[in-house]
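Each residue of the sequence shown is one higher than the last, beginning at 116 in our numbering.
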Amino acid sequence: GKAFFMKADDVKLSLEGKHKLDSLENSSSNVQEIFWHKTLLLNQILYYKRLDDALKKVKSYSKYGLAIKNWGVYDESEYTDGTGIRINFLNPTEQIIKYISITFQGYNAVDDPYGRPISKRCIGPIEPKETASYEFEYAWFSDVVEYAKIRSITVTYKNGTSKTVADPSSIMLSDDILESIFASNPLEDFD
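Written out as C-alpha cells, the structure is:
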C-alpha cells in the first residue's frame, strides 16, 4: 500500500506491459502527470476499501463484547526468575468497559501446564472504540513458562451487565485487520 519508485528493469513485465510502460515513459509530461495522479487516486481508493473492510470486521467483534489486539508472555529479567504478561484490548462495543477478568494458564517448553491457572483483573474504563494495554509483571515467579493460553474472559460493562467469552481465540484480531486499521495512510506524503 506504500507508494515508491523502482527501476523498470527490476520489474518482470509481459511484452505488452513493457510496451505500455515504454509508451508512458515516452508520453508528454502532462500525460505522465495525469497517470501519476490516477495511480495515487486508485491506491487511495484501495486503501479506504481495505480500511472499511477491516472496520466492518472489527464491528463484528461487538457480539463477543471484546477484541484482543495482541498479547503474550515475556521474561522479566535475566537476573531474576519471572515471567510477565502483556495484553492489548480493543472495545468494539458501544458500551464502556469497567473490568475485564481474565484467566491464563502457563505452559513449559514441552507443552505441560505450569502451576495453577492465574486470574487477573484489568480495570477500565475502556471507552467504545478505544484500546487499552495492561501488563502483569511476575505473573509467574519462574522462567519455566514459555507461553500461555487464555482460559476464560469475562467483560463487565459500566452499566452492570457482563459477557463471558466462551472461546478466547475467537476474539483475536488478525494481523491484516491490525495493519489496515492502525497503519497510517500510505499516500499522505504524496501530493
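Glycine residues also receive a C-beta, built at the ideal position from the N, C-alpha and C atoms.
- Item | Exposure of D306, with buried meaning 16 or more beta-carbon neighbours within 10 Å | In this predicted model, D306 has a pLDDT of only 49, less than 50, meaning its place in the structure is not dependable; the value taken from the coordinates is given anyway. That one is exposed.
Next item on the list: Classify S289 as buried or exposed, calling it buried when 16 or more other Cβ atoms lie within 10 Å of its own Cβ.
Entry: exposed
*asked:* Using 8 angstroms for Cβ pairs, my map puts N274 next to I241. What's the rounded Cβ distance?
replied: That pair is no contact at about 14 angstroms.
In chain order, what residues of the same chain lie with their CB nearer than 7 angstroms to the CB of R266, ignoring the 5 residues before and after it?
T218, F219, Q220 and P232
Is the beta carbon of T198 sitting closer than 8 angstroms to the one on W255?
yes
Could you tell me which uninterrupted beta strand (DSSP E) segments, each at least 3 residues in length, are contained entirely in the region 198-222, listed from first to last along the chain?
-> 198-205 and 212-222
Inspect the beta-carbon positions of S277 and A169 and report whether they are closer than 8 angstroms. Not in contact: S277 and A169 (Cβ atoms no closer than 8 angstroms).
### Where Y194 falls: helix, strand or coil (DSSP)
coil
Strictly by DSSP, which residues pair up with I241? I212
Minimum C-alpha distance to S192 - residue among T269, S257 and K122: S257
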